[in-house]
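7 is the number of the first residue of the sequence shown in the working numbering; add one for each residue after it.
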Amino acid sequence: MTAGAASRRARCVGSIQGGRPALPDSSDAGSPTDLSNRHREQARIRSHGVRFLLMLAGAVALVAAACGGSEDPGPTPAPNRSADEPSVPAAVPTAITVPLEAPAGLSNRIAYVTPGFEIFTVSPDGSNPVRVSPDPKGAREDTDLATPGDRYLWPLWFPAGDRLLFSRIQPPDRFGSVVALVSAAADGSEREPTVVYEDDPATNGIGGGAPHYTAFSPDGSGLAAIVGTEGGILLTVFDATRPGSRGVDLVTGAPLYFDWSRDSTTLVVHQGERLITFNNVVDGEPAGSELTAPTTFFAPALSPTADRTAVILDLPAGPELRLLGQHEGFVTETPAGALFAWSPDGGRLALLRQTNPGLPFGLFDELAVIEISADGDRSERILQFGRPMRSLWWAPDSQRLALALIDEDDPRRTRWEIVDVVAGGSVHIATMILSAESEFVQTFAGQYERSHNLWSPDSRYLVLTGSLEDPAASDTDTIVPGAAGAAEVWVVAIDGITPARSLGPGLVAFWSPR
């Protein structure tokens, strides 16, 4: 990539996450094999038709500024694969026979935002809905409860599953909207949320309709948040064990992404052209060390099981996915702008990369599943789906990936595919038009995949938000608009057979961690 191209892509990311637009009013069976350098280079220069992507580029730009016909053929091996590498068969769907249940307590719950910008949790079978945000209808002048017009957005589960963190937007005063990061008990027992952080007056968050981005450390002791300030977006970190403690500011400026270390003491931050490691971020004074060779990508990926970090570095020979720390070194060649994530068991890296330079930034045409053994050995397996991919989500059991693909006949439609990275094969489970908030999550999945759960804790379901294609319709292009014409929250089984269950209208939803 030329320096000019790298600069243009860096500016693209900065414009998406760094702007301050107005907030909203309303698998291969068998072992993977290494690809030779020749195969990698041949894969790199492949080109696919992208006639529909001009429309999609406009759609992506709109999200940034404001924030099937035929049966799917399934994934295919990349051209020029090794002769002894088997093709990827379609998975044989097996129906999930155990029904969804409403468990006791606060485990296995879904938090979602209603069309009226209220926060609820609900069991995955639709029972026992609980309001977490204050009821605006119950507001009185002599209390601190929510007033009509307050909006609540972007819930994040505490690691213990007992509380939710979310954004609150209050009606504008003479300085503009009052934006705050707040928390409340997930059982709905608190009448008024606890304020964690209040943004500078008249700031509009970090992106279209997103006031904050937040992520807890693995042990729940630390909370890192990207917030809006008069000087730009800021990464600050809090001691989550001490409610009301003052945050420690780390770095300002877009683009800005980060990930927590497995021991919850370190943040690795990708800010602009820098990669900065901050140690002692919760228990002491953060000390930063800087690496100045990163290239355009979203969040770095810290292994959940070892002291190593996956990043893309812009080296003289070109961009490479590399490990820093334990077993430091080369992993695979990849163009800048790739998206990657560790499996929860730390044994694999999933990488979405763009081998066709004609694709818009943020879309990918190749999935690489990279096995990394405990002693650092690497091997790579490549899958393609005949249509662009935009995001990936690891299942908690590390056995499957959920992929969001773009429908080539209608870029508004997102096709969800489940890839079995162990047994091989894939299953198409849903096609839908996502809500605007879900579109935002998929656009920045490189960061949200680190902190927010679409998967159920048992790895058998996904929670998705949008208008679902009607599987019973004779015309497969028919999209169900949802009750009251709004996007709905859907619980979708990974088998491709079990009927999806609607939990009612909603803007975005996330599953509890346990």
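Beta carbons: idealized from backbone N, C-alpha and C, even for Gly.
- Here Gly155 is exposed. Its C-beta has fewer than 16 other C-beta atoms within 10 Å.
- A residue is called buried when at least 16 other Cβ atoms come within 10 angstroms of its Cβ; Asp413 meets this threshold and is buried.
- Phe284 has Leu273 and Gly294 as its beta-bridge partners, per DSSP.
- Judged by pairs of C-beta atoms under 8 Å, the stretch 419-431 does not touch the stretch 455-466, as fewer than three such pairs exist.
- The beta carbons of Arg393 and Leu411 sit about 5 Å from each other, so the pair counts as a contact at 8 Å.
- Taking the C-beta atoms as reference points, Val274 is found nearer than 7 Å to Thr315.
- Residue pairing from DSSP places Phe264 in a beta bridge opposite Val275.
- Put simply, the backbone Cα of Phe370 is about 8 Å away from that of Asn362.
- Note that the C-beta distance between Thr311 and Ala342 is not below 7 Å.
- Secondary structure note for Val447: its alpha helix (DSSP H) is the uninterrupted segment Ala442 to Thr449.
- A buried status is given to Gln277, since no fewer than 16 other beta-carbon atoms sit within 10 Å of its beta-carbon.
- Between the alpha carbons of Glu198 and Trp517 lies a distance of about 23 Å.
- Of the candidates Pro350, Ala230, Val447 and Asn114, Pro350 places its Cα closest to the Cα of Asp403.
- The C-beta of Asn114 has 16 or more other C-beta atoms within 10 Å across all chains shown, which makes the residue buried.
- In the DSSP assignment, Ile378 forms a beta bridge with Arg384.
- Short of 6 Å from the beta carbon of Phe222, and not among the five residues preceding or following it, lie these beta carbons of its own chain, in chain order: Pro165 and Leu229.
- By the 16-neighbour rule on beta-carbons within 10 angstroms, Thr235 is exposed.
- For Trp496, the enclosing beta strand (DSSP E) stretches over residues Glu494 to Ala499.
- In this structure, the alpha-carbon of Trp461 lies about 10 Å from that of Ala499.
- In the same chain as Thr338, and ignoring 5 residues on each side of it, the C-beta atoms closer than 8 Å to its own belong to Arg46, Glu326, Leu327, Leu357, Ala374, Ile376, Arg384 and Glu386, in chain order.
- Closest in C-alpha terms to Ala506, from the list Glu475, Arg520, Ala451 and Pro519, comes Glu475.
- Nearest to Glu291 by alpha-carbon distance, out of Ser457, Gly167, Ala191 and Val254, is Val254.
- Bridge pairing for Thr301: absent [DSSP].
- For Arg354, the beta-bridge partners assigned by DSSP are Glu377.
- In the three-state reduction of the DSSP assignment, Gly452 falls in the helix class.
- When secondary structure is reduced to three states using DSSP, Pro178 falls in the strand class.
- For Gly331 and Asp131, the gap between their C-alpha atoms comes out near 44 Å.
- The residue among Ala186, Arg169 and Trp400 with its C-alpha nearest the C-alpha of Pro177 is Ala186.
- Taking 8 Å as the upper bound for CB-CB distance, Ala260 and Leu345 are not in contact here, some 18 Å apart.
- Take the alpha-carbon of Met438 and the one of Ile318: they are about 32 Å apart.
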